[in-house]
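A short worksheet on the structure shown next.
Protein chains in written order, with this note's numbering: chain E, 128 to 617; chain L, 21 to 459.
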């Protein structure tokens, strides 16, 4: 069945030429010379005032990267990337040292105001705390501009700061956990990131603490010919809970820009991490020119027993998305979740999915992935669910659906299910007709037209993914809620 | 970073490459010679596929193929006698049976009205026009198994069914691989059906027990418009055998192609299915069951391409994995942009009977048309404890209860075999397998 008109309209509304965040901030920048070499790696380390061990770590990664090759297994195509034509460090000149919000370049503040990112901490009036407060770390090209609510978080013992600062201030924590989930030479882009990462967020939630507010990082690429290589490390200690949000945008430019991030999550015993992303990098224009190449490695490690990691992503931007947020379910009774909606338009290429690696006993995972392809785009779900010898009682449920709008796009599903012991239960399904006749009959019997009935039922179905998103993303997600997946293919 | 890596060849690969060059080519025209050369070149370039080759990710042929066995010669009386002594894999009254020993057909069977059966050697000598269909359903260059089959091709069968001819007598091709030490056979069968023709074809494979022989069979079908095929394949090869098998079908308009495949025997088995073709309104049904135990390895890989509108495809594969065996299912449905209104459903279900069993599932969809219905499902799990309890609480012994559940699990895939005798033969193999398991 083809997509219903309502869905076609909704997807068109967020088509590539409707990109709202494509403006450029005119600000004087401090740029590293183009190209990549050991000197550049050292330069980045020096700019960040890093200790020697960190520099060595970076150099080791750089040397390994030189021996690696770009992966070619994914369903994305792009002209070869010239890694020597990029600036690996770009920071607003005015950001030479740590500053309070009052000292931040007003041009930058204007940028964030335009993007709708609150950088000013909301005052507590008459003792009434406003609801839904979010602590924000704003990363502009290679540096963190400001991190809000730090004092209040510190009261709860939560560390939330740029990772470059964490390397200096909390070296023990960083050394203990950095690179333990995504090893230095995990893959080509992760290794590159390990060598040249500039900023990103560091979160540590101490044992038993429930983080008092949502944490959020907002990434913005502004400068031309730069790549953004952020690194995020989140640790939830025993029994802790944290919810983290990530958003990203970039200006409209003709050339492609590279974004190769690494995100590592570590959940110790009974801890829970919820990681949500609304990815809205510039997708390229309607001719397929420009756009961000988004090669991202995201992985969570449920290290402790009964820990939980949940990934939620809404992917609408980027010329190329290459991203597989994964969970390593190491602890017994740990669980992983992955909820995803990927919408591609224009010439976008999406190759995304997840990996659920069951290592511990009685581990559980759930995957819900929805892909919508329109225009001349290609959308691929690629996922792995595996259970190792000792992962007795592993349980997985996977559901992935794709919807095509027009016949110039493609939707592909490539799931891998690997079971190495008998006591597992894996179910993978990609259903076509999600609207059961019974439900449809029920609604229509009460006077709804067929189209309305389908919209109603299917919206309820998509909400399953969207309700996993924190409230803060509700506005952006609102449009997507109305998208019907009727006529989708598995 | 762009340095060319020279692949390291294993002993088997080097020996195979030498044998390829030394093997005499079946003189079957310039087109086949060209394809054969391309297949040899591809082998010299790529060698045997390893885990790094996506299509062979779970069946590492480089590791599994331990030697380049010598191709078997023309069988003599001793081989024929040994073939006759093997227990029959399929014993159905009323079939026309043709024995194929080590790739060489023993005659062309009793005459069936409207069906022409000749040996491939004969057809090649006559330079018959039917040769144009050889290899028409797939591309050897990208597939090492059928590439090797073509390169070592010596003889086989060509079966033609006249237009409009609905053959009621089933045809049974009884393949036997006989030898006292490791050897390789490369049987090939081409079946061409005219417009509106219909044929039921059974294929059974047996071989010497305890001998590490390698069988690499290709059976290909070319169906003109409105033709229909019911195909059942039983792979009951020798317990030390490596059995590679390729089934290909080129489907015309409104054709119906149904195939069932049973694997229960060889040490390593890989059954590949390639279907595609120009026809609209095709009706494709692919089903099968794989029964594995000890350290057996069983792989079913299928690639169904919908290249025209209104096609229907149904795939259902069941895998039973016991002891330390490994099961593999890789299925791919491709829907081209013009293949609107395609309705495709693929399901793979695996039952794990022992702790050290392993199962790898990869059900893929590649869709370029927007008005289609395609779905796939895959499950892996152990026997349902509730059902087992239910049966046992009614006085059925555990072993029997398990056998009952497993039989019905496999039966779901086998129940659509149109020919009742063949269906019963398949289930008989399953019951025998279960009986061996229990005893």
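The C-beta atom is built at its ideal place from N, Cα and C for all residues, glycine as well.
Quick caveat, the model's predicted, so the values are computed rather than measured.
Using a 10 angstroms sphere on the CB of residue 569 of chain E, the tally of other CB atoms stays under 16, which defines it as exposed. Per the coordinates, the alpha-carbon of residue 399 of chain L lies some 19 angstroms from the alpha-carbon of residue 465 of chain E. In summary, residue 490 of chain E is buried, with 16 or more beta-carbon neighbours lying within 10 Å of its beta-carbon over all protein chains present.
Excluding residues up to 5 positions away in sequence, 396, 458, 459, 460 and 461 lie with their Cβ nearer than 7 angstroms to the Cβ of residue 432 of chain E in the same chain. Of all C-beta pairs linking the region 248-255 of chain L to the region 275-284 of chain L, three or more are shorter than 8 angstroms, placing the two stretches in contact. At the C-beta level, residue 155 of chain E and residue 220 of chain E come within 8 angstroms of one another. With contacts defined as CB atoms closer than 8 angstroms, residue 432 of chain L and residue 338 of chain L qualify as a contacting pair.
A distance of 8 angstroms or more separates the beta carbons of residue 392 of chain E and residue 366 of chain E. Of the candidates L:443, L:332 and L:220, L:443 places its Cα closest to the Cα of residue 309 of chain L.
Sorting L:451, L:203 and L:198 by C-alpha distance to the C-alpha of residue 96 of chain L places L:198 at the top. Using a Cβ distance threshold of 8 angstroms, residue 242 of chain L and residue 209 of chain L do not count as a contacting pair. Of the candidates E:512, E:296 and E:375, E:296 places its Cα closest to the Cα of residue 175 of chain E.
Contact between the region 205-218 of chain E and the region 350-366 of chain E is present, with at least three C-beta pairs closer than 8 angstroms. Taken in chain order, the members of the region 388-417 of chain L whose beta-carbon sits within less than 8 angstroms of a beta-carbon on chain E are 388, 389, 390, 391, 392, 393, 394, 395, 396, 397, 398, 399, 400, 401 and 402.
Not a single CB atom of chain L sits nearer than 8 angstroms to the CB of residue 424 of chain E. If you check each beta-carbon in the region 464-487 of chain E against every beta-carbon of chain L, none falls closer than 7 angstroms. Following the DSSP letters along the chain, one finds residue 372 of chain L inside the beta strand (DSSP E) bounded by residues 363-372. Here residue 276 of chain E carries a coil assignment [DSSP, helix/strand/coil].
Counting along the chain, residue 290 of chain E sits inside no beta strand (DSSP E); it lies in the alpha helix (DSSP H) bounded by residues 290-296. Chain E has a Cβ within less than 8 angstroms of the Cβ of residue 375 of chain L. Not a single C-beta of chain E is nearer than 8 angstroms to the C-beta of residue 84 of chain L. Its chain contains 228 and 231 as the residues whose beta carbon lies nearer than 8 angstroms to that of residue 200 of chain L, once the 5 sequence neighbours on both sides are disregarded; these appear in chain order. Against chain E, the CB of residue 380 of chain L has a partner CB under 8 angstroms away; the residue lies at that interface. In this chain, the alpha helix (DSSP H) harbouring residue 421 of chain L covers 418-434. Counting only residues of its own chain and dropping the five nearest sequence neighbours on each side, residue 30 of chain L has a CB closer than 7 angstroms to the CB of 82.
Residues of chain L whose Cβ lies closer than 9 angstroms to the Cβ of residue 553 of chain E are, in chain order, 370, 379, 381, 398, 399, 400 and 401. Interface flag for residue 383 of chain E against chain L is unset, since no Cβ pair is found closer than 8 angstroms. Only exposed fits residue 572 of chain E, as fewer than 16 other CB atoms lie within 10 angstroms of its CB. Excluding residues up to 5 positions away in sequence, 53 and 56 lie with their Cβ nearer than 7 angstroms to the Cβ of residue 45 of chain L in the same chain. Per DSSP, residue 131 of chain L has no beta-bridge partner at all.
By alpha-carbon distance to residue 75 of chain L, the top candidate from L:122, L:349 and L:105 is L:349.
Not one beta carbon of chain E lies nearer than 8 angstroms to the beta carbon of residue 102 of chain L. Contact between the region 153-171 of chain L and the region 112-129 of chain L is absent: fewer than 3 CB-CB pairs across the two stretches fall below 8 angstroms.
Residues 387 and 422 of the same chain have their beta carbon placed closer than 6 angstroms to that of residue 316 of chain E, with the five preceding and five following residues left out of the count. Residue state for residue 180 of chain E is assigned as helix, using DSSP reduced to three classes. Taking the Cα positions, residue 512 of chain E is about 27 angstroms away from residue 422 of chain L.
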